[in-house]
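Here the working numbering is used: the first residue of the sequence shown is 4, the next is one more, and so on.
As structure tokens, the structure follows; a few thoughts come after it.
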Amino acid sequence: DLFSSVEPILPSLQEDGIVVWVLGSGPYPPGVVALQELLDEASKELEPEEVWQPEDMNDTCLYIFTSGTTGGCPGPAGWVLGECWDRHTQRRRPLPGLPKAARVSHLKSIMCLSFYELAGASGRDVVYLALPLYHMAGSLLGIMIGPLPPISPGATCVLKEKFSASQFWDDCRAEGVTVFQYIGELCRYLVNQPQRPGEREHGLRLAVGSGLRPDVWQRFLQRFGAIRIVETYGLTEGNVTLFNYTG
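Dropping the structure here:
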């Protein structure tokens, strides 16, 4: 969906030796790596352990682009810029028009597997997730609840392509949802919806997320029942997380 934003600067990226990977239906210009085709052609047999096991758990596992808090170099139009390696000058230089990615290590990725277990979820839960999967909250904390017990609970994850406040409780009942991962505004959207019959007829027992205002917190509980809320705060590029464990 975002390839159209990258396509105008594709020639300059290729000049700098930057490879663009895309997941989705093409066609794409020459030089762009279409991941879906490679996935379809890949063998289902697992490669030997020495191929995929990292030598150092502090090595880079992946890069995640945040909302701009990683900083960078100011550009001519106020862009937050990334950097690239200039093979001619042998120095790093700003890369106009691109944000700077946060580096996430293998160790941090594995530590994220324990997030839902700390929040009180288990393998019996069904987690409702409507957050973007290109951010840490949706990917490393959200879908990483998957099938890796005992490191993670191994619960079921229900993915919603786009959050809908009017459909939320119907979705929860239809899918047997017991855990909801939010950002603060999602809860505000729910309490601002017109009241409907049966709003307390659901199995939701736990809501986990960030940015829930105190007034919305109280209104949410008063309206939708005794749901345990665990508020957390962390940064993709940080190494400390605040966790309101008592709810």
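All residues carry an ideal CB built from backbone N, CA and C; glycine is no exception.
Would residue i be called buried (16 or more neighbouring beta carbons within 10 Å of its own) or exposed?
{"i": "L207", "result": "buried"}
{"i": "V243", "result": "exposed"}
{"i": "L121", "result": "exposed"}
{"i": "V219", "result": "buried"}
{"i": "L49", "result": "exposed"}
{"i": "G228", "result": "exposed"}
{"i": "V22", "result": "exposed"}
{"i": "V233", "result": "buried"}
{"i": "T249", "result": "exposed"}
I need the DSSP call for residue i, collapsed to helix, strand or coil.
{"i": "E44", "result": "helix"}
{"i": "L65", "result": "strand"}
{"i": "S108", "result": "strand"}
{"i": "L5", "result": "coil"}
{"i": "L26", "result": "coil"}
{"i": "V129", "result": "strand"}
{"i": "V83", "result": "Reliability fails at V83, whose pLDDT of 35 lies under 50, so the model's placement of it is uncertain and the value that follows must be treated cautiously. V83 falls in the strand class under three-state DSSP."}
{"i": "V54", "result": "helix"}
{"i": "T249", "result": "coil"}
Going by DSSP, what residue range makes up the beta strand (DSSP E) through residue i?
{"i": "L133", "result": "In the sequence under discussion, the amino acid at residue 133 is Ala, which differs from the Leu named in the question. Element bounds for A133: n/a, residue is neither H nor E."}
{"i": "L245", "result": "T244 to F246"}
What residue does the alpha helix (DSSP H) around residue i start on, and which one ends it?
{"i": "Y236", "result": "First-last for Y236: R231 to G237, but that is the beta strand (DSSP E), not the alpha helix (DSSP H)."}
{"i": "S15", "result": "L13 to E18"}
{"i": "A124", "result": "Note, A124: premise wrong, no alpha helix (DSSP H); not H, not E."}
By how many angstroms is the C-alpha of residue j removed from the C-alpha of residue i?
{"i": "S7", "j": "K165", "result": "20 Å"}
{"i": "W55", "j": "L110", "result": "15 Å"}
{"i": "W24", "j": "L38", "result": "6 Å"}
{"i": "E240", "j": "P200", "result": "43 Å"}
{"i": "L26", "j": "V194", "result": "36 Å"}
{"i": "E10", "j": "P33", "result": "11 Å"}
{"i": "G141", "j": "G212", "result": "10 Å"}
{"i": "D59", "j": "M114", "result": "15 Å"}
{"i": "E204", "j": "Y236", "result": "30 Å"}
{"i": "L189", "j": "P51", "result": "43 Å"}
{"i": "K47", "j": "E40", "result": "14 Å"}
{"i": "L209", "j": "L116", "result": "18 Å"}
{"i": "P14", "j": "Y31", "result": "13 Å"}
{"i": "L65", "j": "S108", "result": "7 Å"}
{"i": "E44", "j": "I146", "result": "24 Å"}
Length at least 4, wholly inside the region 156 to 219: the alpha helix (DSSP H) runs in chain order
171 to 178 and 187 to 194
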